[in-house]
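Chemist: Chains as they are written, first to last, in the numbering used here: chain A, 1 to 113; chain B, 1 to 113.
2 protein chains.
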Amino acid sequence: MDIKRTNEIVLLYNFYHSLLTKKQDQYMNLYYVEDFSLAEIAEQLQVSRQAVLDNIHRTVASLKRFENELSLVKKTQEIDNVASELSQIVLKHYSNDKELLRLVQRISKINEM
Amino acid sequence: MDIKRTNEIVLLYNFYHSLLTKKQDQYMNLYYVEDFSLAEIAEQLQVSRQAVLDNIHRTVASLKRFENELSLVKKTQEIDNVASELSQIVLKHYSNDKELLRLVQRISKINEM
Numbered sequence: 001m002d003i004k005r006t007n008e009i010v011l012l013y014n015f016y017h018s019l020l021t022k023k024q025d026q027y028m029n030l031y032y033v034e035d036f037s038l039a040e041i042a043e044q045l046q047v048s049r050q051a052v053l054d055n056i057h058r059t060v061a062s063l064k065r066f067e068n069e070l071s072l073v074k075k076t077q078e079i080d081n082v083a084s085e086l087s088q089i090v091l092k093h094y095s096n097d098k099e100l101l102r103l104v105q106r107i108s109k110i111n112e113m
Numbered sequence: 001m002d003i004k005r006t007n008e009i010v011l012l013y014n015f016y017h018s019l020l021t022k023k024q025d026q027y028m029n030l031y032y033v034e035d036f037s038l039a040e041i042a043e044q045l046q047v048s049r050q051a052v053l054d055n056i057h058r059t060v061a062s063l064k065r066f067e068n069e070l071s072l073v074k075k076t077q078e079i080d081n082v083a084s085e086l087s088q089i090v091l092k093h094y095s096n097d098k099e100l101l102r103l104v105q106r107i108s109k110i111n112e113m
């Protein structure tokens, strides 16, 4: 199984890292954020390269399961897309409707919660 | 600490139950959904009443931590509120704007993802 650095995994990690154990978080951070190699992580943490690989595999599987169950990434992206399209229409055609503008702003802010 | 049945906990449980272990899920379901007493759960699972209580306390703390980290409940409620207010305004004043109606529908559907 190839676990090369991918945007998808980093995205999942950014959303769900708080659900990982400290150890899982540490391995993921070293590999995907700090960009260390498996061998370098193994040496630094005094474990085998295979142990690092297994740990990262399991964590990636957990992250995918979290998204499968909670859909946070998918929802966040849809909110961004809808907010952006809605904002364009409202600013172009209904910019005098304060109430509508206020609601568009509220949608844009949901992802900051 | 009083852990009586509360709407807030049931709501958190509904959102995050997939992140619990099988055992945690079982205890929570018996107590908050099936409405068994601590003593009844203890008898059924052959553990002490205190063990049941401790387990549920820890699980409730986990559920609160999940919401604190991920804000899924808060975001879902805000999406519902904004979708509802937006829908009223658009149907009342801009019901001839198909594009706007389509976007309102997309917002309403985010929580079904």
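Glycine included, each C-beta is placed from N, C-alpha and C at the ideal position. Just so we're clear, the structure is a prediction, and the values are computed from it rather than from any experiment.
Suppose you measure from the CA of V52 of chain A to the CA of V90 of chain B; what does that come to, to the nearest Å?
Modeler: 54 Å
Chemist: Only counting the same chain, and skipping five residues up and downstream in sequence, which positions put a Cβ closer than 8 Å to that of E67 of chain B?
Modeler: L12, F15, Y16, V73, K74
Chemist: Expressed to the nearest angstrom, what Euclidean distance is found between the alpha-carbon atoms of Q105 of chain A and L86 of chain B?
Modeler: 12 Å
Chemist: Would you decide whether A83 of chain A is buried or exposed? Buried here means 16 or more other CB atoms lie within 10 Å of its CB.
Modeler: buried
Chemist: May I ask which residues mark the beginning and end of the alpha helix (DSSP H) holding T21 of chain B?
Modeler: Careful: T21 of chain B lies outside any alpha helix (DSSP H) and carries neither H nor E.
Chemist: Beta-carbon of M28 of chain B versus every beta-carbon of chain A: anything under 8 Å?
Modeler: no
Chemist: Just the Cα atoms here: how many angstroms apart are M28 of chain A and V10 of chain A?
Modeler: 9 Å
Chemist: Short of 7 Å Cβ to Cβ, which residues in the stretch 61-82 of chain B face chain A?
Modeler: Those residues of the stretch 61-82 of chain B that come within reach of chain A (Cβ to Cβ, closer than 7 Å) are E69, L70, S71, L72, K74, K75, E78, I79, V82.
Chemist: One question on the structure: do I56 of chain B and Y94 of chain B come within less than 8 Å of each other, judged by their Cβ atoms?
Modeler: no
Chemist: So, at 6 Å on beta carbons, what are the nonlocal neighbours of S108 of chain A in its own chain, with the 5 sequence-adjacent residues on each side left out?
Modeler: A83
Chemist: So for E78 of chain B, helix, strand or coil by DSSP?
Modeler: helix
Chemist: Taking DSSP as the reference, what is the three-state secondary structure of Y191 of chain A?
Modeler: What is shown of chain A runs 1 to 113, which leaves residue 191 of chain A out entirely.
Chemist: Can you give me the C-alpha to C-alpha distance between F36 of chain B and S18 of chain A, rounded to a whole angstrom?
Modeler: 32 Å
Chemist: Rounded to whole angstroms, how far is the Cβ of L20 of chain B from the Cβ of T59 of chain B, which I believe are closer than 8 Å?
Modeler: 6 Å
Chemist: Between L86 of chain B and chain A, is there a C-beta pair that is closer than 8 Å?
Modeler: yes
Chemist: Does DSSP classify S108 of chain B as helix, strand or coil?
Modeler: helix
Chemist: Starting from V29 of chain A, trace the alpha helix (DSSP H) both ways and give me its first and last residue.
Modeler: According to the sequence provided, residue 29 of chain A is Asn. The question's Val does not apply to it. Per DSSP, N29 of chain A belongs to no alpha helix (DSSP H) and is neither H nor E.
Chemist: Taking DSSP as the reference, what is the three-state secondary structure of V73 of chain B?
Modeler: helix
Chemist: Cα separation between Q50 of chain A and I79 of chain B?
Modeler: 44 Å
Chemist: Given this structure, state the Cα-to-Cα distance separating S62 of chain B from S71 of chain B, to the nearest angstrom.
Modeler: 13 Å
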